[in-house]
Amino acid sequence: MLYSKSFIFTLRDDPKTAECVSHKLLLKGSYLSMISSGIYSYLPLGFRVLENISNVIRKNMNLAGAEELLMSALQPIEMWQKTGRDQVLSEVMFKFKDRKNRNLCLGPTHEEEITEIVKKFVLSYKQLPRILYQIQTKYRDEVRPRFGVVRACEFIMKDAYSFDADEDGLGENYKKMFSAYENIFNECGLKFITIEADSGPMGGNASHEFMVQAEIGEDILLYCEKCGKYFKEKENCLDCAAKLTEKRMIEIGHVFKLGTKYSLAQEALFVDKDGARKPVIMGCYGIGVSRLLSAIVETNYDEKGIIWPKSVSPFDVSLVVLSENLKDNAIALGDKLERLGLKVLVDERNDGAGVKFNDAYLLGNPYIVIMGKNYTSSGKIDLEIRKTKEKHNFSEEELINFLKEAYGK
RNA sequence: CGGGAGGUAGCGCAGUCCGGCUAGCGCGCUUGGUUCGGGACCAAGAGGCCGAGGGUUCAAAUCCCUCUCUCCCGACCA
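Going by this note's numbering, the first sequence wraps up at 413, each residue one higher than the last.
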């Protein structure tokens with residue numbers, strides 16, 4: 005992909021409307037475009053990262069035996085009346101009427117809808133257990149949207165729902181999802197912690213939150229420097245009694261054991277082995293996909309810009325060409341790398357070296373490859389690792405082998 | 001929803017107290033030339049209903065009123 009043909013328009017100055025690091029860098033790097041407060045469009049770069057995150061999630065959900073579907077965002081209010089959550093979530097729902105005067109909302113979450121679907125098809129214990137998930141846009145009329153895509157009114161969420169015939173089954177699925185989440189966040193380069201949480205308006209009897217530490221975190225946990233443990237309560241460390249310090253945390257995922265709250269209210273019943281009709285036992289598991297964009301940046305950046313983990317970066321390589329007469333060579337090298345399955349952004353713009361380097365640092369792709377006077381004089385290509393700043397001087401063949409190895413190609 | 005800060009060119013800002021504007025500056029953009037391994041230089045250009053509406057005044061970006069949008073702190077947050 006050629007830089008000059010890409011929809012990449014970095015800003016030189018920090019955007020004024022952004023205060024926090026991730027929001028600033030995502031706007032500055034033209035990953036996002038703000039439409040209104042809490043409403044964002046993902047530009048091609050941002051969309052690439054979103055897709056990469058989604059694919060990490062898909063891979064791990066599928067491995068855990070979950071099946072992907074896509075539910076409607078448009079929902080009739082009546083669906084919510086059975087569980088009473090039309091009242092509970094009334095404030096956050098975007099509500100309106102259709103031409104037949106029917107009350108609709110844009111789904112803020114999907115427990116009710118998935119329960120209606122499962123109720124229709126799952127009639128026997130033989131059809132259990134199941135895990136279904138989707139990656140879909142949610143709508144919440146937030147009181148105070150903030151930090152860009154961290155808390156937005158329209159956002160992308162991965163929501164999964166498990167269905168079991170008994171508590172043991174739920175326990176197993178809960179564990180499966182829990183460890184899938186650990187894999188997902190690890191692969192996304194996030195240093196997360198887990199903590200037991202209240203289930204709040206979701207209902208249910210057990211839940212864990214996955215959190216990363218960041219300045220802009222909206223939740224506060226107490227941290228023990230000695231034990232490296234986090235606590236919710238304002239006591240001293242339960243292990244070593246040391247004083248605790250406050251840490252701000254971003255919630256990136258949340259898993260809940262829902263039990264029968266929804267299945268009872270919506271009469272999602274199945275016939276068990278003993279012939280009795282019983283409510284299906286549910287769990288739900290959410291990841292803020294668009295929020296991860298911010299969370300990853302918030303925890304992976306330096307003074308020059310973003311440092312994407314390899315798993316989610318928009319490109320694998322920023323190939324910077326510093327001489328106009330090397331353009332063709334660079335494009336040829338880019339093609340070669342792309343045929344190996346690498347994503348390469350060839351910066352062949354007629355701009356000074358500083359501009360190109362700074363943009364490469366800002367955009368944050370893991371490898372910066374430089375073709376310039378070293379190539380002209382000795383056929384050598386420079387490579388800089390964005391994260392470690394480590395530099396190499398390679399022949400073309402060495403470079404290709406290095407990148408092949410780095411990406412297991 | 002309470003408190004605070006803001007809205008002037010695509011982006012970042014000055015000007016607002018103390019009215020005189022035919023509204024500036026930097027970046028970016030266009031054209032030509034010189035540069036070309038670290039946000040280059042010269043020359044010539046284009047680009048604004050000064051957030052919106054009303055008022056005061058000979059005269060409003062500037063003063064007054066109303067509204068609106070954005071950001072921050074807090075409350076809230078599946």
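Positions of the beta carbon are idealized from the N, C-alpha and C atoms, including for glycine.
Quick caveat: nothing in here was measured; it's all calculated off a predicted structure.
The C-beta of Q91 has fewer than 16 other C-beta atoms within 10 Å across all chains shown, which makes the residue exposed. Restricting attention to D351, K393 and G383, the CA atom closest to the CA of L403 is found in G383. Q217 is bridged by DSSP to M253.
In the three-state DSSP reduction, G383 falls in the coil class, being neither helix nor strand.
Taking one beta carbon from each stretch, the stretch 322-331 and the stretch 362-376 have 3 or more pairs nearer than 8 Å; the two touch. Exclusion of the five residues before and after L47 leaves F11, S34, Y35, L36 and S37 as the residues of its chain whose Cβ lies within less than 7 Å of its Cβ.
Fewer than three pairs of CB atoms, one per stretch, sit closer than 8 Å, so the stretch 220-227 makes no contact with the stretch 261-277. Take I118, set aside five residues on each side of it, and the residues of its chain with a beta-carbon closer than 7 Å to its own are M75, L136 and Y165, in chain order. By the criterion of at least three beta-carbon pairs nearer than 8 Å, the stretch 231-249 is not in contact with the stretch 286-299. If you draw a 10 Å sphere on the C-beta of G338, you find 16 or more other C-beta atoms in it, and that means buried.
Contact between the stretch 246-258 and the stretch 269-280 is absent: fewer than three C-beta pairs spanning the two stretches fall below 8 Å. The closest CA to that of P283, considering only T113, T303 and L127, is found on L127. The beta-carbon separation of V25 and E302, rounded to 6 Å, stays under the 8 Å limit for a contact.
Distance from the Cα of K413 is smallest, within the candidate group N66, K347, F167 and D172, for K347. Under a 10 Å Cβ-count criterion, L78 is classified as exposed, with fewer than 16 other Cβ atoms of the shown protein chains found around its own Cβ. Going by DSSP, D163 is part of the beta strand (DSSP E) stretching over E158 to D168. Residue pairing by DSSP puts S45 in a beta bridge opposite S37. For L330, the closest C-alpha among the options D351, K314 and I311 is that of D351. Within the model, the alpha-carbon separation for G111 versus H212 is close to 23 Å. Put simply, the stretch 147-162 does not touch the stretch 80-87. Fewer than three CB pairs are less than 8 Å apart. Note that the C-beta distance between S322 and L344 is not below 8 Å. With contacts defined by Cβ atoms closer than 8 Å, A184 and M65 form a contacting pair.
For the options K180, F406 and D18, the alpha carbon positioned closest to that of A70 is the one of K180.
Contact between F361 and L387 is ruled out by a C-beta separation of about 13 Å, above the 8 Å threshold. Judged by their CB atoms, G152 and S298 are nearer to each other than the 8 Å cut-off. Residue environment: R390 is assigned as buried (16 or more neighbouring CB atoms within 10 Å of its CB, all protein chains considered).
Sorting L174, M215 and E176 by C-alpha distance to the C-alpha of E186 places M215 at the top. If you ignore the 5 residues before and after W312, its C-beta comes within less than 6 Å of the C-beta of G368, all in its own chain and listed in chain order. Note: G290 is bridge-paired with D163 and H258 in the DSSP secondary-structure output. When beta bridges are read from the DSSP output, Y371 appears opposite V321 and I389. Within its own chain, the residues whose Cβ lies closer than 6 Å to the Cβ of S317, once the five positions on either side in sequence are excluded, are N369 and P370, listed in chain order. Taking R281 as the centre and dropping the five residues before and after it, the same chain places the C-beta of L273, F274 and V275 closer than 8 Å to its C-beta, in chain order.
Burial is judged here by how many other beta carbons sit within 10 angstroms of a residue's own beta carbon; T21 has fewer than 16 and is exposed. In the three-state scheme derived from DSSP, where H, G and I count as helix and E and B as strand, N107 is classed as strand. Pairing L132 with F167 gives a Cβ-Cβ distance under 8 Å. In the structure shown, the three-state DSSP call for E401 is helix.
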